[in-house]
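Report on one structure; see the data block that follows.
There are 2 protein chains.
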Amino acid sequence: MAKQHPASPEARSAGATIYSVADHAGVSIATVSRVLQGATVVAEATRQKVLTAVEELGYVPTGAARSLAVRHHEAHGLVLPELSGPYYAELLMGFEARAAELAQSVVLVLTNSRTDMAAAVRQLATRVDAIAVFGSAAIPADLVRLLRAKKPVVVIAGEPQDGIEAVAAENLESARELAGHVLDHGRRRALFVGDPDSGPDIRNRYDGYLAAHRDRGLDAAEPVLARLSEADGTAFAQRLLAGEHEADALMCANDELALSIMTTLQDAGRDVPGDIAIVGWDDVMTARYVRPGLTTVRQPVHELGALAADRLHELVGGEPPRTYAQMLPTRLVVRTSCGCLPVT
Amino acid sequence: MAKQHPASPEARSAGATIYSVADHAGVSIATVSRVLQGATVVAEATRQKVLTAVEELGYVPTGAARSLAVRHHEAHGLVLPELSGPYYAELLMGFEARAAELAQSVVLVLTNSRTDMAAAVRQLATRVDAIAVFGSAAIPADLVRLLRAKKPVVVIAGEPQDGIEAVAAENLESARELAGHVLDHGRRRALFVGDPDSGPDIRNRYDGYLAAHRDRGLDAAEPVLARLSEADGTAFAQRLLAGEHEADALMCANDELALSIMTTLQDAGRDVPGDIAIVGWDDVMTARYVRPGLTTVRQPVHELGALAADRLHELVGGEPPRTYAQMLPTRLVVRTSCGCLPVT
DNA sequence: CTGTTAGCGCCTTCAC
DNA sequence: GTGAAGGCGCTAACAG
């Protein structure tokens, strides 16, 4: 025996290490490592001895030791604001699935539940090889840049900058198409509900709304600032009912906003889309359950997550970061809240 | 210098270690470790030197090395089937939030995206101190038991067994209450839609349905087997419309099922709850958007996740596992799909 | 095909 | 208050 490692009886259940396995099988630790890694060829007989020993001792390797030795964590970090609504969940599913294929663990950080997100992200950096961060808004830009100096980082649904790669879904053109669709129903007082300054995603959707007006030589109104929650939607709807705004169409920054506004207006006796057309963004599950069905835009969220995981892996592999944002196409989903007739 | 560690110029950005920091600051690595851990007292002057060095080198500690030394991963594993629908997402949020408070990272594994979940779970065990697994059904029971021998495990929404602790939301009594509520509307041909054998949760809900009938001296029908997806709901609704089943009330195993059934029936001209009452389980967002609003049961999902994280932490801390399942109370949410009159 | 031997980067007594 | 030195468990040459 090389060192005096505890091969004591009760080291059995508690802390089986590669050493215990080795001498339980009567081989060297190198051999154990070999059969477990499966890289080098090992004689079938010894192989079996080792496997048996592993089984009998219930050996569970210590990941940290391996990581330290191979100088890789074999894990990707993902930083999301939260998980309510289908958007982030779907993104995470896509990310996790791809990471799994690449044999990478995923460690998750939700910033909304943190009091000190900077510390959380630093701590995360400590145990992963690369990090995907949602939106540039979520965590301070300089923190991201700092990280970038040490580990590959990709921003999801954000702009590329300073050698920080970005992946996103297409927003501008689809927004232009969606807004155009509404305008082509003859609506002339369309309002954009959402805050263009809350991130590049919404910004682009607003820009698309502007472009659609421009395309038709129409004037576009200023955006009605609102965050992306049901509460904000309800509040806006109430102001609308109170006569603070006038509109025959609403292009909402996301579905949750659209849905809560729609329901509030309907409960107050308004006819959608008769009195007012409403469209959203995301195509959440509820969008196809409400009446009228919500016209919206579907994003390839799952693919977006997968793409992020993919890029992370390639960056870790040494590939240089891309300087352009990678765009995934979105798709207009026309139902009837926009004023289209129901398909019977 | 103790060992010949690369203090070379370009070790700067790439791989700052505790050694680089140490000699950049002109102290020993022990001191660096001390100021970073903040445990022992260090002279304010040296403390600052170290901090400066850390800053200048952009030092990011290697988690693996620390884990190896302290013999703790400081991470919790969470195994979920998937993330669609609000249930799992909420659970995960609760788990993550509590884990964060306890300074534990969370590494997530989604089994539905895995071809080899056993390998995934083994691999997970490699890098965490403890694991929470959703439902006993998801992963083979013997795998769980195997793990249990090495690391603390808690099952979420499952039964406790073999020293494996369980946490769950109350199902039986609330189901009894819900079913009773429907029956008390005078419905006499109530059907349970869902598969009692798909897990203890559903089993308990079905048992509650049975109990409610028994309470009233009524006969209960056999359950209509269905999984918890929209597709299954639609399929069942079609069979119902085709006359394969007869019912004046439907108690569905979850909301997604209930919602898809309700919509399909309505689209076919049926009146809910006039012709048929429908109730679900979970209180997803859509449940309050549809018309009629879906009567359902709200579970404290967030708390459930938090509880799991909590227990994991205490088990790691050496506390003995509890032998009884920890139940969190649920709440009946009455809307109008059950036959109640709308509140105006 | 298998064993020996250095580390991987950090924490932690134990001296000073 | 600070430094020296020995692991933590595993991988990866390097010899046989």
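Quick mapping for you: the protein sequence lines, in order, are chains B and S. Going from the first sequence to our numbering is simple: count from 1 and add 29. Going from the second sequence to our numbering is simple: count from 1 and add 29. C-beta: ideal position from N, C-alpha, C; glycine also.
(1) Which term fits B:Glu251, buried or exposed, when burial requires 16 or more other beta carbons within 10 angstroms of its beta carbon?
(2) So, are the CB atoms of S:Ala335 and S:Gly187 less than 8 Å apart?
(3) Can you list, in chain order, the residues of its chain whose CB lies under 6 Å from that of B:Val71, leaving out five sequence neighbours each side?
(4) According to DSSP, B:Thr69 sits in a beta bridge with which residue or residues?
(5) Which residues of chain B have a Cβ atom closer than 8 Å to the Cβ of S:Leu288, listed in chain order?
(6) Using the Cβ count rule (16 or more neighbours within 10 Å means buried), how would you classify B:Val308?
(7) Hey, out of S:Arg177, S:Glu199 and S:Asp52, whose CA is closest to S:Ile193's CA?
(8) Any Cβ of chain B within less than 8 Å of the Cβ of S:Ser253?
(9) Do you know offhand how far B:Gly272's Cα is from B:Val301's?
(10) Three-state secondary structure (DSSP) at S:His105?
(11) Which of the three DSSP states, helix, strand or coil, is assigned to S:Val363?
(12) Using DSSP with H/G/I as helix, E/B as strand and the rest coil, what is S:Glu401?
(13) Could you tell me whether the region 155 to 169 of chain S touches the region 86 to 93 of chain B, where touching means 3 or more Cβ pairs closer than 8 Å?
(14) Going by DSSP, what residue range makes up the beta strand (DSSP E) through B:Met280?
(15) I want to see whether chain S comes within less than 8 Å of B:Lys179, judged by CB atoms only; does it?
(16) Taking the alpha carbon of B:Asp230 as the point to measure from, which residue in B:Pro358, B:Gly237, B:Asn200 and B:Arg340 has its own alpha carbon closest?
(17) Output yes or no for whether 8 Å exceeds the beta carbon distance between S:Met314 and S:Pro189.
(18) Scan the region 158 to 224 of chain B and note each continuous alpha helix (DSSP H) run of 4 residues or more that stays entirely inside, going in chain order.
(19) Using 8 Å as the threshold, is the region 340 to 360 of chain S in touch with the region 350 to 358 of chain B, meaning 3 or more CB pairs across them?
(20) On the three-state DSSP scale, how would you describe B:Ser57?
(21) Just curious, the alpha helix (DSSP H) that S:Met122 is in, first and last residue?
(22) Any idea what DSSP makes of B:Leu153, helix, strand or coil?
(23) How is S:Thr91 classed by DSSP in three states: helix, strand or coil?
(24) Measuring straight from C-alpha to C-alpha, what distance separates B:Ala74 and S:Arg95?
(25) Counting only beta-carbon separations shorter than 8 Å, does B:Gly87 have a partner in chain S?
(26) Please check the pair B:Met280 and B:Ala208, which I expect to be a contact at CB under 8 Å, by giving their CB distance rounded to whole angstroms.
(27) Counting pairs of Cβ atoms below 8 Å between the region 333 to 352 of chain S and the region 291 to 305 of chain S, do you hit three or more?
(28) Find the nearest neighbour of B:Leu247 within the set B:Trp310, B:Ala219, B:Glu206 and B:Val183, judged by alpha-carbon distance.
(29) Applying the 10 Å Cβ sphere with the 16-neighbour rule, what's the burial state of S:Gln77?
(30) What does DSSP give as the partner residue(s) for B:Ser134 in the beta ladder?
(31) Specify the secondary structure class of S:Leu20 as computed by DSSP and reduced to three states.
(32) For the alpha helix (DSSP H) holding B:Ile231, just list the boundary residues, first then last.
(33) Roughly how many whole angstroms lie between the Cα atoms of B:Asp277 and B:Val135?
(34) Under 9 Å, CB to CB, which of the residues in the region 149 to 161 of chain S have a partner in chain B?
(35) Taking the straight line between their C-alpha atoms, what separation do you get for B:Ser289 and B:Ala316?
(36) Going along the chain, which residues of its own chain have a beta-carbon closer than 6 Å to the beta-carbon of B:Thr293, five neighbours each way excluded?
A quick look at the data gives this:
(1) exposed
(2) no
(3) Arg63 and Val64
(4) DSSP output for B:Thr69 lists no bridge partner at all.
(5) Tyr318
(6) buried
(7) S:Arg177
(8) First, the residue type needs correcting, since residue 253 of chain S is Val and not Ser in the sequence shown. Answer no: the Cβ-Cβ gap between S:Val253 and chain B never drops below 8 Å.
(9) So the two alpha carbons sit approximately 17 Å from each other.
(10) Residue state, collapsed to three classes: strand.
(11) coil
(12) Outside the displayed range of chain S (30 to 373) lies residue 401 of chain S, so it cannot be described from this structure.
(13) yes
(14) Ala278 to Cys281
(15) Nearest CB-CB separation between B:Lys179 and chain S: below the 8 Å threshold.
(16) B:Asn200
(17) no
(18) Within the region 158 to 224 of chain B, the complete alpha helix (DSSP H) runs of at least 4 residues are 170 to 179 and 201 to 212.
(19) no
(20) coil
(21) Pro115 to Glu130
(22) helix
(23) S:Thr91 carries a coil assignment under DSSP once its states are collapsed to helix, strand and coil.
(24) Rounded to whole angstroms, B:Ala74 to S:Arg95 spans 37 Å at the Cα level.
(25) yes
(26) 6 Å
(27) Taking one beta carbon from each stretch, the region 333 to 352 of chain S and the region 291 to 305 of chain S have fewer than 3 pairs nearer than 8 Å; the two do not touch.
(28) B:Ala219
(29) By the 10 Å Cβ count, S:Gln77 comes out exposed.
(30) Per the DSSP secondary-structure output, B:Ser134 pairs in a beta bridge with B:Ala104.
(31) Given that chain S is displayed from residue 30 to residue 373, the structure contains no residue 20 of chain S and the question cannot be resolved.
(32) Residues Pro229 to Asp244.
(33) 46 Å
(34) Ala149, Arg151, Gln152, Leu153, Ala154, Thr155, Arg156 and Val157
(35) 11 Å
(36) Taking C-beta separations shorter than 6 Å and ignoring five residues to either side along the sequence, the partners of B:Thr293 in its chain run Thr263 and Ala266, following chain order.
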